[in-house]
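Per this note's numbering, residue -2 is the first one in the sequence shown, and the count goes up by one each step. Read through the structure below, which is laid out as structure tokens, and then see the notes.
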Amino acid sequence: GYIADMRATEVAVREAVEQAERIAGTNIEDVWVSFSAGGLVSDILRLEVDLGGHRVEQSDVDDLLRAGRESINPGGRMVLHAQPTRYTLDGLAGVKQPRGLHAERLGVDIHVVSTEGAPVRNLDLCVRSAHLDVKSIIAAPVATGLSCLSEEERELGVALVEIGAGVTNVSVYKNGVLTGLSSLPSGSADITDDIASAFGTRRNQAERMKCFYGSANMTPRDNHEMIDVAPMASDEDAEGARITRAQLIAVIRQRLDRLMVEIGKELTRLNFEDPVGRQIVLTGGGAELKGIADYAQQALGRSVRVGRPRGLTALPEAHSGPAFATLAGLATFAASDPVDLRALQTPHQLVMRTNPRAVFRRMMAAFRANY
């Protein structure tokens, strides 16, 4: 999640953009960037004002949101998102559009996501050093949730677990809003390292073994299926080992066992306990592992599914898996252009763009930029 080598990251960004430009046949000037390092915090700020019983006008909503912006106190942290989620009228929650209704009091719930400032500034500087304009930096769980979760799932309550290479993000949605999130400093790259260490092979070979032969579940047949392991040394005299698929899966499960214990602790800390039956959605590159949904369901005692990008048409099959969920979410976020109180200047900025053709054009432009 954190940038450890500015120069190497800048080169990687340049190479990715050049490849995307060749594929899309267009120049990329600005980008939406996801941020997934640890330290992300999600809060709900509630604010209410008196109306005196008159009809809610747009000016009332504008004044309320301006007051909400002034009420945000990140405590020295950097705010990534400050978005109004729903309104209340005389304490009645769940109002999406209050204009035209009469009420004594008008309130709003503002979803605020904040993080440590330095890692975000490093990411922003790195991308801009590659001669790109950063339109927005988006918390990865926010983008991934847009891509993988249905509106009904977010309303009823769902946990989203994104298993990345070095970071696993755990986020909880309830009543349509991201209510809590946390990050674990481990991911699928740790499984790769465990395989490389256990069988004395290079990381790229260990990654290949994990992708082609790895699984989260073991069967009796796995004791008889043999796998050739390339040696660490590249000399001709070096001989590789032969292992059973069961041995490989045993190493994978050791790391998964530890990861699931930590995920379970975070879900408890985030109050993802009642009612029984709330679903868990796995996504990220680590969710590509065969059988991981069944394994996680047994380990966590919940209904589990693998989340894949939804809502974007004509996605290539190679980009339709859970590893690309955050990228698809960035395109969706860019196209929807949600209200953000940090950019509030004029009343007109408070109204979301609802032209479907304009949204579709922006979505496809963002999709081409990210793929």
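The beta carbon of each residue, even a glycine, is placed where N, CA and C say it ideally should be.
Between the CA atoms of residue j and residue i - distance to the nearest angstrom
i	j	result
P116	Y(-1)	6 Å
T176	A243	40 Å
A100	L61	14 Å
L338	P313	35 Å
V258	S168	16 Å
R74	A227	47 Å
A203	D225	11 Å
V248	L129	41 Å
A311	G50	49 Å
A235	E18	42 Å
S111	K93	24 Å
G211	G161	17 Å
I25	S31	17 Å
L153	G88	21 Å
S185	I69	36 Å
R52	S333	28 Å
D59	R118	30 Å
R63	A331	23 Å
G308	H221	42 Å
Same chain, Cβ closer than 8 Å to residue i, five either side skipped, listed in chain order
i	result
L146	V155, L157, Y170, V278, G304
C123	I0, M3, T6, E7, V10
A213	I246, I249, R250, L253, L286, K287, G288, I289, D291, Y292, A293
M229	G197, T198, R199, A235
G237	T198, D225, V226, A227, P228
M223	R239, I240, T241, R242
Same chain only: Cβ atoms within 6 Å of residue i, ignoring 5 sequence neighbours per side
i	result
E45	R102, G104
A13	none
G326	A140, T141, L143, S144
D27	D130, K132
F269	A156, V169
Neighbourhood of residue i by C-beta distance below 7 Å, restricted to the same chain and skipping five residues each side
i	result
N166	S33, A137, P138, E159, L178, S180
G296	The question names Gly, yet the displayed sequence has Ala at residue 296. Result list for A296: M257, in chain order.
L264	A156, V167
A355	Reliability of the predicted coordinates at A355 is poor, the pLDDT of 46 falling under 50, and no value is obtained from them.
D187	R252
M215	A243, I246
Exposure label - residue i; buried when at least 16 CB within 10 Å
i	result
F209	exposed
R250	buried
M206	buried
Q16	exposed
I289	buried
L77	buried
G281	buried
R200	exposed
H108	buried
G72	exposed
D106	buried
T189	buried
E67	exposed
P81	buried
S194	exposed
A90	exposed
S231	exposed
Residue j beta carbon less than 8 Å from that of residue i
i	j	result
R266	R299	no
R239	D191	no
A284	P319	yes
S183	L256	yes
D219	T241	yes
S144	A21	no
E150	R96	no
W29	S133	yes
E113	G36	yes
Cβ of residue i within 8 Å of any chain C Cβ
i	result
N70	This model lacks chain C altogether; it includes just one protein chain.
Pick from the options that is closest to residue i, judged by C-alpha positions
i	options	result
T329	N70, G237, A140, L286	A140
E148	V174, Y292, R200, L245	V174
Y84	N172, E18, I135	N172
G65	K262, L86, L42	L42
D57	K262, L86, T112	L86
A79	S39, G161, D59	S39
V301	P335, G261, D334, L324	G261
P335	L153, G88, I135	I135
L48	R63, L98, N70	L98
Residue i Cβ short of 7 Å to the ligand FMN heavy atom set
i	result
P335	The ligand FMN is not among the ligands present in this structure, which contains no ligands whatsoever.
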